[in-house]
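As structure tokens, the structure follows; a few thoughts come after it.
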Amino acid sequence: MYIIGERINGMFTDIGDAIANKDPKPVQSMAEKQIENCASALDINVGTRVPKAERADVMKWLVESVREVTDMPLAIDNPALSTMRVGIEAAAKGGPCIINSTTGQEDKMPGFMELAKEFGAGIIGLAIDENGVAATPDAKVEIAMRIIACAMEHDIGMEDIYLDPIVLPVNCNQAAPKIVLETIQMFTMLSDPAPHVVVGLSNLGQGTQEKHLINRTFLTMAIAAGMDSSIQDPLDTEMTDAMITAELLLNKAIYSDSYLKAYRQR
Amino acid sequence: MTMMEDAREKWAGALNEVVIGATSENGGTRSSSLTVGGQKGLPFMGYEAPEAHKPVLAMEVWDIEPTEWPPQLLAALGDAVKSPGTWAKKCVEEFGADAICLKLAGTHPDQGDAGPEAAAAAVKEVLEAVSVPLIIWGCDLDEKDNETLPAASQAAKGEKCLIGTVNEDNYKTLVASCLADEHSIIGLSPIDINIAKQVNILVSEMGFPLDRIVMYPTTGALGYGLEYTYSIQERGRSAALSGDKMMAMPVICMVGLEAWRAKEARGTAEELPELGDETTRGQYWEAATAAALLQAGSDILVMRHPGALKATKDLIDRIM
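One line per chain: the protein sequences are P and G, in this order.
Just so it is clear: in the first sequence, position 80 is 80 by this note's numbering, and no numbers are missing.
Adding 266 to a residue's 1-based position in the second sequence gives its number in this note's numbering.
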């Protein structure tokens, strides 16, 4: 599993405060902690506390702070193309990067794809278009097809495409998780080799009392359905344990009594 | 015209490279060192990935005269088996062994119960007699090995030997010795891939570098469970190539030991008239076992019969 660590996000108090104080230390230590805990990439999100006009500058500062301590892939998380460019430019100087994200909106996609091509970046494509979040598997797949087509037009390889079916809080729409699981299976059959499939896992349990349990239970189900990447909290040890165990049960790793430890020693 | 799809496997991982033997440049006295592992594809599929290194053919030498070995095997080795130094020299100079595997059989309580000093002396004798890299093997009795192998390890300090074995329940003593004396280590598992991985994890948890571990998955001889060994080794290799770092260790096989246990190898013409000439049968059995284990992906083969060694060497030259 390709874990994109979600913790460098201005929405979290520790990171929000670090941004406000222009103190890179908490950001850098959070980057290191996530990497120690199985993150394969780090999401970078300035959050909503920062005024819109300052977001590009803050993104640049966040990325440069993280790049001082790691050359791991960074997923630049922002909906605005201008801020995305600033983040990707800064991130690409010191390692690989991923665009998080584009929707399938026709007027939005090409700009992000051009940026991905220019910097050799991966790109996350959301199952959202002009009509909002697609509600059914078929509608999600239709958008995914448009995203793949647009990526191919821009000569972006399948290994750089991450499709996100969009998970919503379970307490808002209880039918949605099952639909997402069906969609994941369909995404993996769109091409050979298959595109990556990613979800923003923490959305699912948001606002519920058992969010950790809900998130990790869904994670194992989504892995079984074919999801190979997830934006999640690497510091949630029980979640990581569940993920490692799911992969073991799918025969993706050889069992040993210390299989949890073995995974973490990779 | 449509192009055929390229069906070659593209693997993400590779086996670790383990170096055995230290030359003077590296603080030892060996005339050359050997590198095993490093493969990036399945065995002998050059179209996937060329073999990184030739498999190593070592010969087994004991610290005591192996009186129980069958006469047809002893006849091929001659009087040299009376002393480990002479025996090792003959293996290298006359038979062409790449390395010597010194088995400290005499330290076993049933075979003389020699102590740490004697073990160390045997190691020194072989190191002086030959300049190829050395593999040191205990008597496979945990308590006794914990007493003698540290002395053997110390006697060869800095020579970058390969020493074994450790297992799931007994590894700390030898790991500490090999760390201190710069040797590599052999992890034993009883034809069980899960335990093989567990041993690697336990050893590495003590701070032992992954590129100094070799797996001994134990083996069956031809006719005695060899197919199962083969499938275990194949699964381990494909896991390693898929990126499982705890399975990416090269493999050693005690081919001579396994083959000469078989009645087909040991039995006399009188006992087994339908199986033909006993002077050639055993070495063929050993060579056939070696051929299968090479295909399974073994990196170091420890042989006993010079004829089997030669046949295996010829085979490797032909398929590589």
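Backbone N, C-alpha and C fix where the C-beta goes; we use that ideal spot for every residue, glycine too.
Report the neighbours of residue i on chain P: residues whose CB is nearer than 9 Å to its CB, in chain order.
i: Asp510/G; result: Ala253, Ile254, Ala262, Arg266
i: Ala214/G; result: Chain G is shown only over 267 to 586; residue 214/G falls outside these bounds and no answer can be derived.
i: Ile457/G; result: Under the 9 Å cutoff, chain P gives no residues; its nearest Cβ is about 14 Å from Ile457/G.
i: Ile467/G; result: Ser256, Asp257, Ser258, Tyr259, Lys261, Ala262, Gln265
Rounded to whole angstroms, what's the CA-CA distance from residue i to residue j? Just pull it up for me.
i: Thr578/G; j: Ala553/G; result: 6 Å
i: His196/P; j: Ser497/G; result: 31 Å
i: Ala278/G; j: Gly122/P; result: 19 Å
i: Glu537/G; j: Phe361/G; result: 30 Å
i: Asp155/P; j: Ile214/P; result: 38 Å
i: Glu334/G; j: Thr534/G; result: 14 Å
i: Lys276/G; j: Glu314/G; result: 7 Å
i: Ser290/G; j: Val517/G; result: 27 Å
i: Glu6/P; j: Ala462/G; result: 35 Å
i: Asp57/P; j: Gly16/P; result: 15 Å
i: Leu81/P; j: Phe112/P; result: 7 Å
i: Thr13/P; j: Glu32/P; result: 18 Å
i: Val389/G; j: Ser508/G; result: 38 Å
i: Leu339/P; j: Glu153/P; result: Since the displayed chain P opens at 1 and closes at 266, residue 339/P lies outside it and no answer follows.
i: Glu182/P; j: Val69/P; result: 39 Å
i: Cys367/G; j: Ile585/G; result: 25 Å
i: Ile244/P; j: Thr48/P; result: 33 Å
Let me check understanding here. Comparing Cα to Cα, which of the options lies closest to residue i?
i: Gly351/G; options: Ala386/G, Cys444/G, Leu559/G; result: Ala386/G
i: Thr546/G; options: Glu314/G, Asp272/G, Pro336/G; result: Pro336/G
i: Gly489/G; options: Lys438/G, Gln338/G, Gly293/G, Leu559/G; result: Leu559/G
i: Glu271/G; options: Asp192/P, Lys252/P, Ile254/P; result: Asp192/P
i: Met1/P; options: Glu130/P, Thr240/P, Gln265/P, Ser229/P; result: Ser229/P
i: Ile8/P; options: Lys178/P, Asp77/P, Pro51/P, Arg55/P; result: Asp77/P
i: Val86/P; options: Pro110/P, Val46/P, Asp71/P; result: Val46/P
i: Ser202/P; options: Ile19/P, Gly226/P, Pro177/P, Ala194/P; result: Pro177/P
i: His374/G; options: Lys410/G, Asp435/G, Tyr550/G; result: Lys410/G
i: Glu544/G; options: Leu368/G, Leu339/G, Ser508/G; result: Leu339/G
i: Trp526/G; options: Thr555/G, Gly294/G, Ala365/G; result: Thr555/G
i: Leu440/G; options: Phe474/G, Ile457/G, Gln464/G; result: Phe474/G
i: Gln232/P; options: His212/P, Leu248/P, Gly226/P; result: His212/P
i: Gly522/G; options: Thr484/G, Lys511/G, Leu476/G; result: Thr484/G
i: Cys97/P; options: Glu106/P, Asp107/P, Gly120/P, Thr83/P; result: Gly120/P
i: Gln377/G; options: Gln420/G, Pro332/G, Lys355/G; result: Pro332/G
i: Glu383/G; options: Ser470/G, Ala422/G, Asp477/G; result: Ala422/G
i: Leu42/P; options: Arg55/P, Glu153/P, Thr83/P, Ile88/P; result: Ile88/P
i: Ile44/P; options: Met72/P, Met186/P, Asn37/P; result: Met72/P
i: Val180/P; options: Val63/P, Leu190/P, Val198/P; result: Val198/P
i: Tyr482/G; options: Ala442/G, Met472/G, Glu524/G; result: Glu524/G
i: Trp403/G; options: Gln420/G, Cys427/G, Lys369/G, Val392/G; result: Lys369/G
i: Cys405/G; options: Asn292/G, Ala380/G, Arg532/G, Cys427/G; result: Ala380/G
Leaving out the 5 sequence neighbours to the left and right, which residues in its chain are closer than 7 Å to residue i when beta-carbon positions are compared?
i: Ser256/P; result: Ala262
i: Arg146/P; result: Gly104
i: Ile459/G; result: Ile498, Arg501, Gly502
i: Asp236/P; result: His212
i: Ile166/P; result: Leu126, Ala127, Ile128, Val133
Leaving out five residues before and five after residue i in sequence, what residues of the same chain have Cβ atoms less than 6 Å from its Cβ?
i: Pro24/P; result: Ser65
i: Gly486/G; result: Leu492, Thr495
i: Ala514/G; result: Leu281, Asn282, Ala506
i: Gly563/G; result: Pro309, Gln499, Arg503
i: Ala318/G; result: Gly304, Gln305
Quick one: which chain P residues come within Cβ less than 8 Å of residue i?
i: Ala273/G; result: Ordered by position in chain P, no residue passes the 8 Å Cβ test against Ala273/G, which lies about 13 Å from the chain.
i: Ser470/G; result: Gln265
Starting from the C-beta of residue i, find all residues in its chain whose C-beta is less than 8 Å away, skip the five residues before and the five after it, and write them out in chain order.
i: Arg67/P; result: Leu74, Ala90, Ala91, Lys93, Gly94, Gly95
i: Ile254/P; result: none
i: Gln561/G; result: Pro309, Phe310, Tyr496
List the residues of chain P that residue i touches, going by C-beta distances under 7 Å, in chain order.
i: Lys438/G; result: Simply none; closest approach about 15 Å.
i: Met513/G; result: Ile254
i: Asn282/G; result: Neighbours of Asn282/G on chain P: none; closest Cβ ~14 Å, over 7 Å.
i: Asn460/G; result: Ile254, Tyr255, Ser256
Run down chain G in chain order and give the residues with a C-beta less than 7 Å from the C-beta of residue i.
i: Asp257/P; result: Gln464
At a CB-CB cut-off below 7 Å, which residues of chain C make contact with residue i?
i: Ser497/G; result: Among the protein chains in the structure shown, which are P and G, there is no chain C.
Would you be able to state if there are at least three C-beta pairs under 8 Å between the stretch 288-300 of chain G and the stretch 390-403 of chain G? In this structure the stretch 390-403 of chain G touches the stretch 288-300 of chain G; the number of beta carbon pairs closer than 8 Å is three or more.
Would you call the stretch 339-346 of chain G and the stretch 304-312 of chain G in contact, with 3 or more CB pairs under 8 Å? They do not touch, by the three-pair rule.
Can you find at least 3 beta carbon pairs, one from the stretch 204-221 of chain P and one from the stretch 166-173 of chain P, that sit closer than 8 Å? With the rule of 3 Cβ pairs closer than 8 Å, the stretch 204-221 of chain P counts as touching the stretch 166-173 of chain P.
Touching by the beta-carbon criterion (3+ pairs, under 8 Å), the stretch 411-419 of chain G and the stretch 438-452 of chain G: A contact exists between the stretch 411-419 of chain G and the stretch 438-452 of chain G.
Do three or more CB pairs link the stretch 427-434 of chain G to the stretch 450-457 of chain G at distances below 8 Å? Enough Cβ pairs lie closer than 8 Å, so yes.
With a cut-off of 8 Å, do at least 3 Cβ pairs link the stretch 560-577 of chain G to the stretch 320-332 of chain G? Under the three-pair Cβ rule at 8 Å, the stretch 560-577 of chain G counts as touching the stretch 320-332 of chain G.
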